[in-house]
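Working notes, structure below.
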Amino acid sequence: MRAFVREDPDVILLGEIRDGETALEALRASQTGHLVLSTLHCNDTVDAVQRLVDLGMHRNSIGSELLAVFSQRLARRVCEGCRAPATPPQAILDEIFPDGVPSTMHFFAGTGCEHCRGTGCYGRIAAIEYLPASPALRQAIARGATVDELRAVALEAGLLPLRDHALMLVDEGLIPLGELRTMLPPERLAPER
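For the sequence shown, the numbering used here begins at 23 and goes up steadily by one.
Pasting the structure below:
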């Protein structure tokens, strides 16, 4: 990594930050003006901040150098060849919409066809959570805010949670509602706001 930085690239792509040494090298590269892109194994965007701390990065450094975090989960895509309006099971609706299903929400499922080999789904699509490092978030990171406090700051700054993006995909007929159960931990199924 050090030798690579000496070549003065504009962008450095690390396959994955797995240990403290790699995390600190990535930090040093970003502090010298390089854009560093990498991956981490985390539950969501806010957990990535805590993961960097756990790997030995100082909170002030994370707060000053972090530009953004993306989190993604792949979901099964409803087959376009047999997509039809559907009514999900009440148990799933109650779990995801504890205050009631919005009247504007649409649900779709594949009925099964030759294209999808009778499964109702064909291919995958990413549901994404994007966390820009706003000034408020940077300050919260630097002062040592907990993951829950960081999430509250992020939501206030306009974070679109993975759940909400997945529901947009459900409403557009791209994924079945049941996919949220496979993509999200149980505590993230209900609305956060």
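For each residue, glycine too, the CB sits at the ideal point set by N, CA and C.
query = Taking the alpha helix (DSSP H) that F92 falls in, what are its first and last residues?
reply = Against the sequence shown, residue 92 aligns to sequence position 70. DSSP places F92 outside any alpha helix (DSSP H); the residue lies instead in the beta strand (DSSP E), whose first and last residues are A90 to V100.
Cα-Cα separation between Q161 and M205, rounded to whole angstroms = As a working mapping, residue 161 is identified with position 139 in the sequence shown. As a working mapping, residue 205 is identified with position 183 in the sequence shown. Taken atom to atom, the span from the alpha-carbon of Q161 to that of M205 is near 30 Å.
key: Cut-off 6 Å between Cβ atoms - residues of its own chain near A164, not counting five sequence neighbours on either side   = Here the question's residue 164 lines up with position 142 in the sequence shown. Taken in chain order, the residues that qualify are R81, N82 and G85.
key: Pairwise C-alpha distance: P110 and V169   = For this step, residue 169 is matched to residue 147 along the sequence shown. For this step, residue 110 is matched to residue 88 along the sequence shown. Looking at the backbone, the Cα of V169 and that of P110 are separated by about 33 Å.
ask   = By how many angstroms is the C-alpha of V100 removed from the C-alpha of G140?
value = Within the sequence shown, numbered from 1, the residue matching residue 140 stands at position 118. Within the sequence shown, numbered from 1, the residue matching residue 100 stands at position 78. Straight-line spacing of the CA atoms in G140 and V100 works out to 12 Å.
key: Opening and closing residue of the beta strand (DSSP E) in which P107 lies   = Here residue 107 corresponds to residue number 85 of the sequence shown, with the count starting at 1. Per DSSP, P107 is one residue of the beta strand (DSSP E) stretching across R105 to P107.
request  = Within its chain, find whatever has a CB closer than 6 Å to the CB of A238; leave out the 5 residues flanking it on each side and keep chain order.
outcome  = Since the first residue shown for the chain is 23 and the last is 215, residue 238 is missing from the structure and cannot be characterised.
ask   = Can we say the region 88-102 touches the region 61-70, given the rule of at least three CB pairs closer than 8 Å?
value = Under the 8 Å Cβ criterion, the region 88-102 counts as touching the region 61-70, having at least three qualifying pairs.
request  = Could you spell out where the beta strand (DSSP E) holding R24 opens and where it closes?
outcome  = Locating residue 24 in the sequence shown gives position 2, counting from the first residue. First-last for R24: R24 to R28, but that is the alpha helix (DSSP H), not the beta strand (DSSP E).
query = Would you call the region 147-162 and the region 176-190 in contact, with 3 or more CB pairs under 8 Å?
reply = Three or more Cβ pairs drawn from the region 147-162 and the region 176-190 lie within less than 8 Å of each other, which places the two stretches in contact.
key: For A45 and I197, the rounded distance between their alpha carbons   = Within the sequence shown, residue 197 is the residue found at index 175, counting from 1. Within the sequence shown, residue 45 is the residue found at index 23, counting from 1. Distance between the alpha carbons of I197 and A45: 35 Å.
ask   = What number of angstroms, rounded off, separates the C-alpha of L191 from the C-alpha of M127?
value = Start at 1 with the first residue of the sequence shown, and residue 191 comes out as number 169. Start at 1 with the first residue of the sequence shown, and residue 127 comes out as number 105. Put simply, the backbone Cα of L191 is about 11 Å away from that of M127.
ask   = First and last residue of the beta strand (DSSP E) that includes I34?
value = Looking up residue 34 in the sequence shown gives position 12. According to the DSSP assignment, I34 belongs to the beta strand (DSSP E) that extends over V33 to L35.
Through-space distance from P207 to Q112, alpha-carbon basis = Mapped onto the sequence shown, residue 112 falls at position 90. Mapped onto the sequence shown, residue 207 falls at position 185. Between Q112 and P207, the C-alpha separation is close to 19 Å.
key: Burial state of L172 (16 or more Cβ within 10 Å)   = Taking the sequence shown and counting its residues from 1, the one referred to as residue 172 is at position 150. Buried, by the Cβ-count rule.
message = Is there a C-beta anywhere in chain D that falls below 8 Å from the one on S93?
response = Absent from the structure is chain D; it holds one protein chain and no more.
query = How would you call A33, buried or exposed, if buried means at least 16 neighbouring beta carbons within 10 angstroms?
reply = Here residue 33 refers to the residue found at position 11 when the sequence shown is read from its first residue. The sequence as given places Val at residue 33; Ala does not occur at that position. By the neighbour-count rule (16 or more Cβ atoms within 10 Å), V33 is not buried but exposed.
request  = Under 7 Å Cβ to Cβ from G200, same chain only, skipping five residues before and after it: list those, please.
outcome  = Walking along the sequence shown from the start, residue 200 turns up at place 178. Setting aside the 5 residues that flank it on each side, G200 is surrounded in the same chain by P110 and I114, each with a C-beta closer than 7 Å to its C-beta; the list follows chain order.
inquiry  = Beta-carbon within less than 7 Å of L49's beta-carbon, same chain only, minus the 5 sequence neighbours each way: which residues are those?
reply    = Indexing the sequence shown from 1 puts residue 49 at position 27. The answer, listed in chain order, is M79, S83 and E87.
task = Quick one: give me the first and last residue of the beta strand (DSSP E) that L153 is part of.
result = For this step, residue 153 is matched to residue 131 along the sequence shown. That run of the beta strand (DSSP E) goes C143 to P154.
message = With the cut-off set at 8 Å, would you say L36 and V71 are in Cβ contact?
response = If you number the sequence shown from 1, residue 36 lands on position 14. If you number the sequence shown from 1, residue 71 lands on position 49. No; because the gap between Cβ atoms is not below 8 Å, this pair is not in contact.
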